[in-house]
């Protein structure tokens, strides 16, 4: 069998804002609320990685692997209103681009009117590019570069067999795998965009579900192109097979759309201008049919690039969830684009022995670090290839890991209504209009931050193992999370999934939006599912009571002077105010009628109220439609 190692990287960035939070405990050294203090949320959280700047520090930016004389020009966003039609935006940006090209002696290339307002251009020299960057309509000019696919030549596929179970190595029949891939959804009705080197759409594993949707590579570069196969490298076909092939894929009935931005040439690689054009096209295609839920996979990348980061971030904001390959440099993924886009799912590679993936030369290759969201199978993964309509090949790379996660997203999205930029609001923000119909909030569960949080929170925890030759290594700062599809399909509203609920407690109670580490997420979920002997998606009277108990524990840990374990609160008014802030993400005045009603209810349990009053109010707020609307259908 042919064995190839392909290395890729991915990108992005997004800022999340929130109302200011009241003072809370900063020192975990105090009496615990009946739980081991080592599992305090103050001790079992990890910070989010910092957001990369949304633009370069200067108006002219250089990149690695620059293409001589070619540049990406990003215009000020207000040069044309985003509320204008696609044709109007394109016409106005084209007119600006043509005018600037004439002034500076350049030749205009691609036009971007959605994920960016801008264009690519060929100029006679760098001086012309610097002069162009000083135009008042221009936000920045960045050298156009190339992202390369690194190639080193040297029953179900094991990757599918791994992601449907949580058992650690040695606890199932066949090594770490059980011999079956169990799935209950197929991704039907979901659109998956494969932004890559093209697809051989006639391969039998696609069953007619794959199509060539867009191609941004000059046909003079890739000469193999036909109407049914524009993949001259095989990489895109392989990735698509893992995402949605009938035999090799995670989501076996997803609709696959090929968006070609990479060539088979190691010299031309994946031009930045083509990548941005591809992301722009994906966003326009989703905007034309926003009710169709969508996921995009980018198994590519390179050095940090502001323009690509901005494009991917804006596409995510438009309602498309992105899975990105972390890269194969055994380096911090935060140094690569688009892998460091924080609002995307950035995926590292694991191997068949639950260690990080190795190349066929025995070298660990996966990128790592806090920008990584989870690991997925990426070593010797078998999938479709381009030699014939039945050809297969086993490949290594985070390129192979990422489409496993994209397929899992497709399983989550099946049966849901897609969302647009107008629908989605940050998971950290209050509901803009709680009085909209339930059908509107059904779309919220497909906004990317809700999707990402579900996929991460439902991962297999602490299953990646150290290697005797490299003790403890999964990469500094990496989460020990391995993709798991066994929770899919999940509840209509993801907040009814117990792992998702615990994740929300961390982010709602603690400042600066930390996420739980593996010990904390496992322990607090176990207080619900272990006590009640239920699965992550099961809900009954026992889980109802334990969710209240767990949320109360977070109160005691984070506000120890306000909520006393086994007693109640010390200040009724302050507790009610904080319930609005924490659960509903908004503040209310003392004269607000709803506040007065809630305060009256709490006062019925004494002033200060006892623990039964605390439980009553937690139950009331976490079952309000307004609370549930933050995550999906109430």
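In my numbering, the protein residues as written are 296 to 929.
Don't be surprised by glycine CBs; every beta carbon is placed ideally from N, CA and C.
- The beta strand (DSSP E) runs lying completely inside the stretch 526-580 and spanning 3 residues or more are 550-555, given in chain order.
- Leaving aside the five residues that flank residue 517 on each side, the residues in its chain whose CB is nearer than 6 Å to its CB run, in chain order, 527, 558, 559.
- By the CB criterion at 8 Å, residue 678 and residue 537 fall inside the cutoff.
- In terms of Cβ geometry, residue 391 and residue 602 do not form a close pair [threshold 8 Å].
- Residue 625 and residue 769 have their C-alpha atoms some 10 Å from each other.
- For residue 510, DSSP records a beta bridge to 555.
- The beta carbon of residue 807 is closer than 8 Å to those of 342, 343 in its chain, skipping five residues each way along the sequence.
- For the set 861, 365, 574, the Cα lying nearest the Cα of residue 412 is the one of 574.
- Here DSSP, grouped into helix, strand and coil, assigns residue 589 to strand.
- Exposed is the label assigned to residue 479, since fewer than 16 other Cβ atoms lie within 10 Å of its Cβ.
- Taken atom to atom, the span from the alpha-carbon of residue 649 to that of residue 496 is near 32 Å.
- Contact check for residue 739 against residue 614 fails: the beta carbons are separated by 8 Å or more.
- When the alpha-carbon of residue 337 is set against those of 803, 419, 893, 515, the nearest one is in 803.
- In summary, residue 640 is buried, with 16 or more beta-carbon neighbours lying within 10 Å of its beta-carbon over all protein chains present.
- Annotation for residue 824: the continuous alpha helix (DSSP H) segment containing it runs 813-827.
- Counted as a single uninterrupted DSSP element, the stretch harbouring residue 896 is not any beta strand (DSSP E) but the alpha helix (DSSP H) occupying residues 888-898.
- DSSP places residue 402 within a strand segment (E or B) once states are collapsed to three.
- The residues 336, 340, 853, in chain order, have a CB closer than 7 Å to that of residue 805 in the same chain once the five nearest residues on each side in sequence are set aside.
- 415 is the residue among 415, 888, 776 whose C-alpha sits nearest the C-alpha of residue 566.
- One thing to note: residue 706 has its Cβ no nearer than 8 Å to the Cβ of residue 752.
- Contact between residue 635 and residue 347 holds, with the beta-carbon distance rounding to 6 Å and staying under 8 Å.
- A straight line joining the alpha-carbon of residue 452 with that of residue 676 spans about 7 Å.
- Residue 511 and residue 855 have their C-alpha atoms spaced approximately 58 Å apart.
- Pairing residue 520 with residue 712, the inter-Cα distance amounts to about 35 Å.
- Annotated three-state conformation of residue 650 is coil, per DSSP.
- Under the three-state reduction of DSSP, residue 365 is assigned to strand.
- For residue 884, same chain residues with a beta-carbon under 8 Å away, outside a window of 5 residues either side, are 890 in chain order.
- A residue is called buried once 16 or more other Cβ atoms fall within 10 Å of its Cβ, and residue 689 is buried on that count.
- DSSP places residue 678 inside the beta strand (DSSP E), whose first and last residues are 676-679.
- Rounded to the nearest whole angstrom, the C-alpha separation of residue 779 and residue 589 is 20 Å.
- Straight through space, the alpha carbons of residue 757 and residue 396 are spaced by roughly 54 Å.
- In this structure, the straight-line span from the alpha carbon of residue 384 to that of residue 482 is close to 33 Å.
- Taken through DSSP and simplified to helix, strand or coil, residue 726 comes out as coil.
- Rounded to whole angstroms, residue 929 and residue 349 show a C-alpha spacing of 34 Å.
- By the CB criterion at 8 Å, residue 454 and residue 699 fall inside the cutoff.
- Taking the Cβ atoms as the reference, residue 775 lies roughly 5 Å from residue 759, within the contact range of under 8 Å.
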